[in-house]
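Structure record follows, encoded as structure tokens.
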Amino acid sequence: MSTESPESTVQSSADEHSQSYLSALRSWVGLTKDQNNLVGMLFVLPNVIVFSGFMLLPVLYAFYLSFMEWNLFLGEGTYVGLENYVTILTPLPWENNWAALRSPTANLWWFSLRNTVIYTVGVIPLQVFGGLGVAMLLNKSIRGKGIYRAAYFMPVMLSGAASAVIWRWLFATDGVINDLLRPLGLAHNWATDPVTALPSLMVIAIWGGIGFNMILYLAGLQNVPEELYEAARLDGATRWYRFRHVTWPCLRNTTFFVLVMAIIGAFQVFGIALAFAGGGPYYATTTVVVLIYERAFNQGAFGEAAAMSFLLFLIIFVFSYLQYKHFGANEVDY
């Protein structure tokens with residue numbers, strides 16, 4: 001015969017309901033029975049709230065604006081559906097004999113995207129492999145290693161606008177670079193020529209990006225087990241084979257991170273492009289983000305600028321996902 005009181009029965013039922021609710025909460029946040037990270041989740045909660053309030057909600061609001069013709073001063077707008085996206089993408093590049101990629105007057109969005117892609121393709125390989133090469137040189141026991149590391153990292157500490165102003169002075173008609181090239185008859189106003197303005201901008205990005213990637217690769221190189229190099233030397237592996245079969249595979253995770261960050265940074269280039277040439281001459285340095293800035297703050301087309309932002313997000317997401325599929329699926333453990 002049961003001796004449980006009605007009060008204990010009610011308490012037991014309440015405990016069972018609490019456990020079921022807790023199990024449902026664990027399942028919702030992805031925790032198993034073997035994990036007890038509820039306290040950790042509570043510590044993370046303030047950061048999640050701040051992220052939601054200052055980043056996620058503005059992003060969602062911008063997505064809402066991308067379907068509006070928005071008036072900033074009145075704080076109101078008219079719903080236009082996909083009209084902003086259609087306006088941005090029309091005409092398509094393959095229409096009119098690819099004129100949208102050759103002339104900014106045909107479609108400035110596609111022309112700025114072309115500039116951004118050229119910039120990305122030209123900058124990323126030199127940033128990545130330049131950073132790797134410098135990291136391998138400075139990972140050795142050489143005199144003054146700390147000074148060299150600081151010198152290569154110095155451009156990273158400068159703001160993009162400051163770097164652009166410095167290099168604009170260097171590339172000027174009476175600048176230092178032309179002073180060196182003038183005796184050879186190669187002096188040129190690099191920043192004001194539509195043909196050379198974008199390559200000059202790429203030089204600034206390469207100069208500033210190598211130091212950042214150098215630090216990341218230095219961290220990766222110092223985590224490669226020395227035993228792997230010793231085993232390779234005992235097997236008679238040359239320096240190239242040690243790099244090809246030991247160093248490079250162990251840097252796979254680092255390279256994945258470096259490439260993703262480099263792609264995101266290249267597609268979002270803004271500060272140096274605006275400060276170096278203001279998007280000119282003749283839109284030669286107008287990248288996608290510079291165009292978004294011009295549409296929003298100079299022309300007041302906030303709805304169209306928001307639509308451009310989400311098209312850029314989609315492009316960056318696709319490239320980042322492809323990098324993850326290529327590198328992230330085969331992470332290296334050592």
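Position 44, counted from 1, in the sequence shown is what the UniProt record's numbering calls 44; the numbers after and before it change by one each time, with no gaps. Using N, Cα and C, we set each Cβ at its ideal position, and we do this for glycine too. Small disclaimer: the values here were computed from a predicted structure and weren't measured.
Task: Leu170 versus Asn84, Leu186 and Ala191, residue with shortest Cα-Cα distance - done: Of the residues Asn84, Leu186 and Ala191, the one whose Cα lies closest to the Cα of Leu170 is Ala191.
Open item on the list: I'd like to know if the segment 123-143 and the segment 198-215 are in contact, where contact means that at least 3 CB-CB pairs between them fall below 8 Å.
Closed with: With the cut-off at 8 Å, the segment 123-143 and the segment 198-215 touch.
Open item on the list: Checking 8 Å against the spacing of the C-beta atoms, do Gly211 and Val156 come in under that value?
Closed with: Yes, they are a contact pair.
- [ ] Specify, as a first and last residue, the run of the alpha helix (DSSP H) that Glu227 falls within.
- [x] From DSSP, the alpha helix (DSSP H) with Glu227 extends over Glu226 to Leu234.
Open item on the list: Check for me: the alpha helix (DSSP H) holding Trp190 runs from which residue to which?
Closed with: From DSSP, Trp190 is part of no alpha helix (DSSP H); its letter is neither H nor E.
Open item on the list: Tell me which residues share the same chain as Leu113 and place their Cβ nearer than 7 Å to its Cβ, disregarding the 5 neighbours each side in the sequence.
Closed with: Correct list, in chain order: Val288.
- [ ] Inspect the CB distances between the segment 314-330 and the segment 68-75 and report whether three or more fall short of 8 Å.
- [x] For the pair of segments examined, the segment 314-330 was found not to touch the segment 68-75: the number of CB pairs separated by less than 8 Å stays below three.
- [ ] Pull up the CB-CB distance for Asn63 and Gly81, whole angstroms please, since I reckon it's below 8 Å.
- [x] Residue 63 is actually Phe in this sequence, not Asn. A Cβ-Cβ distance of about 13 Å is found for the pair Phe63 and Gly81, leaving them out of contact under the 8 Å criterion.
- [ ] Take the Cβ of Asn107 as the centre, count every other Cβ of all protein chains shown within 10 Å, and call the residue buried at 16 or more, exposed below.
- [x] Burial check for Asn107: the Cβ neighbour count within 10 Å reaches 16 or more, so the residue is buried.
TODO: Could you spell out where the beta strand (DSSP E) holding Trp167 opens and where it closes?
DONE: Trp167 -> not in any beta strand (DSSP E); alpha helix (DSSP H) instead, spanning Gly160 to Phe171.
Open item on the list: For the alpha helix (DSSP H) containing Trp70, name the first residue and the last one.
Closed with: Run containing Trp70: none in the alpha helix (DSSP H); it sits in the beta strand (DSSP E), Met68 to Asn71.
- [ ] Give me whichever residues DSSP pairs with Tyr79 in a beta bridge.
- [x] For Tyr79, which the question treats as bridged, DSSP gives the partners Met68.
- [ ] List the whole-angstrom C-beta distance separating Ala275 from Gly130, where the pair is believed to meet the contact cut-off of C-beta under 8 Å.
- [x] About 23 Å separates the two Cβ atoms, so there is no contact after all.
Open item on the list: What does the alpha-carbon distance come out to for the pair Asp235 and Val203?
Closed with: The straight-line gap from Cα to Cα measures roughly 42 Å.
- [ ] Starting from the N-terminal side, write out each stretch of the beta strand (DSSP E) that is 3 residues or longer and does not extend beyond the segment 208-286.
- [x] Counting only runs of 3 or more, we get nothing.
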